[in-house]
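Trainee: Dropping a structure here in structure tokens format, bear with me for questions.
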Amino acid sequence: MKRIFYLLLLLSVSSFSQEIALLKYSGGGDWYANPTSLPNLIKFCNANIDTRIKAKPGTVEPSNPDLLSYPFVHMTGHGNVVFSDADVTNLRNYLYGGGFLHIDDNYGMDQYIRKEIKKIFPNNDLVELPANHAIFQKPFLFAGGLPKIHEHDGKRPQAFGIFIENKLVLLYTFQCDLGDGWEDAEVHNDPLEVRQKALKMGANIINYIFTN
């Protein structure tokens with residue numbers, strides 16, 4: 358019954374007002390990294406995939422009941438992450454209720470975030486998404502799966518997920534730096550084609566959320 362309630366709440370909110378948010382977490386990591394990334398992704402999606410997302414993203418803490426107001430929550434940073442018991446409970450309710458969390462490792466988060474994900478889903482393992490997963494298919498095709506935006510360690514980009522009843526509810530992008538590619542051009546001086554690739558992959562994520 359609780360799951361049905363949360364799902365109906367999320368559906369009712371997203372039906373009338375598309376709004377996404379940035380997760381403000383504890384632990385010392387820079388949750389506020391890439392300040393221009395979400396506004397740019399929103400602008401791209403509204404212009405290219407017919408979304409009507411509010412131009413300014415929200416900011417929400419993991420334990421805040423307002424978390425349930427957002428069909429999509431984005432999380433990024435370079436360092437430590439700590440979820441309290443209240444954070445874990447609220448995040449679990451959110452994800453089981455139909456919410457979606459995208460975690461983008463901005464280089465340096467991996468060793469911390471994996472432990473915190475395990476708190477939320479102690480009985481679920483992160484599963485690498487195959488290149489033929491729906492999130493890579495439309496509206497823009499990424500035949501090789503998650504694209505590489507920034508180079509760090511010479512490792513391939515990987516997209517991991519947590520599934521509930523065969524539905525992807527948590528996406529963890531690693532060795533990719535999607536959020537860097539969403540930022541204003543002068544921040545990282547990425548070529549236009551790199552930024553477009555990042556924005557198109559971001560649009561695929563948003564499209565997946567609103568169509569599944």
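Residue numbers (this note's numbering): 358 to 569.
Virtual Cβ for every residue (Gly too), placed ideally from N, Cα, C.
The structure displayed is predicted, hence computed values, not measured ones.
Let me check one thing: in DSSP terms, what residues is Leu-458 bridge-paired to?
Mentor: DSSP lists Val-430, Leu-527 as partners of Leu-458.
Trainee: Indicate the three-state DSSP secondary structure (helix, strand or coil) for Gly-465 in the structure shown.
Mentor: Here Gly-465 sits in coil by DSSP.
Trainee: How many whole angstroms separate the CB atoms of Val-438 and Tyr-382, which I take to be in contact at a CB cut-off of 8 Å?
Mentor: Correct: roughly 5 Å between the Cβ atoms.
Trainee: Would you please verify whether the beta carbon of Asp-423 is less than 7 Å from any beta carbon of chain B?
Mentor: This model lacks chain B altogether; it includes just one protein chain.
Trainee: Which residue's Cα is closest to the Cα of Ile-566: Gln-532, Leu-458, Lys-413?
Mentor: If we check each option's Cα against that of Ile-566, Leu-458 comes out closest.
Trainee: Return the first residue and the last residue of the alpha helix (DSSP H) that Gly-415 is part of.
Mentor: Note, Gly-415: premise wrong, no alpha helix (DSSP H); beta strand (DSSP E) at 415–417.
Trainee: So, for Asn-403: in the same chain, excluding its five sequence neighbours on each side, which residues have a beta-carbon less than 7 Å away from its beta-carbon?
Mentor: For Asn-403, where only same-chain residues beyond five positions count, the Cβ hits under 7 Å are Arg-409, Ile-410.
Trainee: Can you give the Cα-Cα distance for Leu-498 and Lys-505, rounded to whole angstroms?
Mentor: Computed Cα separation, rounded: 14 Å.
Trainee: Drop a sphere of 10 angstroms on the beta-carbon of Lys-524, count the other beta-carbons inside from all chains shown, and report buried for 16 or more, exposed for fewer.
Mentor: By the neighbour-count rule (16 or more Cβ atoms within 10 Å), Lys-524 is not buried but exposed.
Trainee: So what does DSSP say about Ile-492, is it helix, strand or coil?
Mentor: Helix.
Trainee: Along the alpha helix (DSSP H) that carries Gln-515, what are the first and last residues, could you check?
Mentor: Segment 515–521 is the beta strand (DSSP E) holding Gln-515; no alpha helix (DSSP H) there.
Trainee: Quick one, which of His-509, Arg-513, His-507 has its alpha-carbon nearest Gly-501's?
Mentor: Nearest option by C-alpha distance: Arg-513.
Trainee: Decide yes or no for the touch test of the segment 411–427 against the segment 391–400: beta carbon pairs closer than 8 Å, at least 3 of them.
Mentor: Contact holds: three or more Cβ-Cβ distances are below 8 Å.
Trainee: Rounding to the nearest angstrom, what Cα-Cα distance links Ala-390 and Gly-434 in this structure?
Mentor: Cα-Cα distance, rounded: 6 Å.
Trainee: Quick check: what's the CA-CA separation for Leu-485 versus Asp-537?
Mentor: Checking the sequence shown, residue 485 turns out to be Glu, not Leu. Each residue's Cα considered, the two are about 22 Å apart.
Trainee: Would you give the residue range spanned by the alpha helix (DSSP H) that Leu-395 belongs to?
Mentor: Note, Leu-395: alpha helix (DSSP H), 394–405.
Trainee: So, are the CB atoms of Ile-460 and Ala-560 less than 7 Å apart?
Mentor: Contact: no.
Trainee: Assuming Glu-540 contacts Ser-394 under a Cβ cut-off of 8 Å, what Cβ separation, rounded to an integer in Å, is found between them?
Mentor: Between Ser-394 and Glu-540 the Cβ distance is about 5 Å, and since that is below 8 Å, they are a contact.
Trainee: On a CA-only basis, which of His-490, Phe-478, Asn-463 is nearest Asn-447? Give me that one, please.
Mentor: Out of His-490, Phe-478, Asn-463, Phe-478 has the C-alpha closest to the C-alpha of Asn-447.
Trainee: Anyone know if the C-beta pair for Leu-424 and Val-526 falls short of 7 Å?
Mentor: No, the Cβ-Cβ distance between Leu-424 and Val-526 is not below 7 Å.
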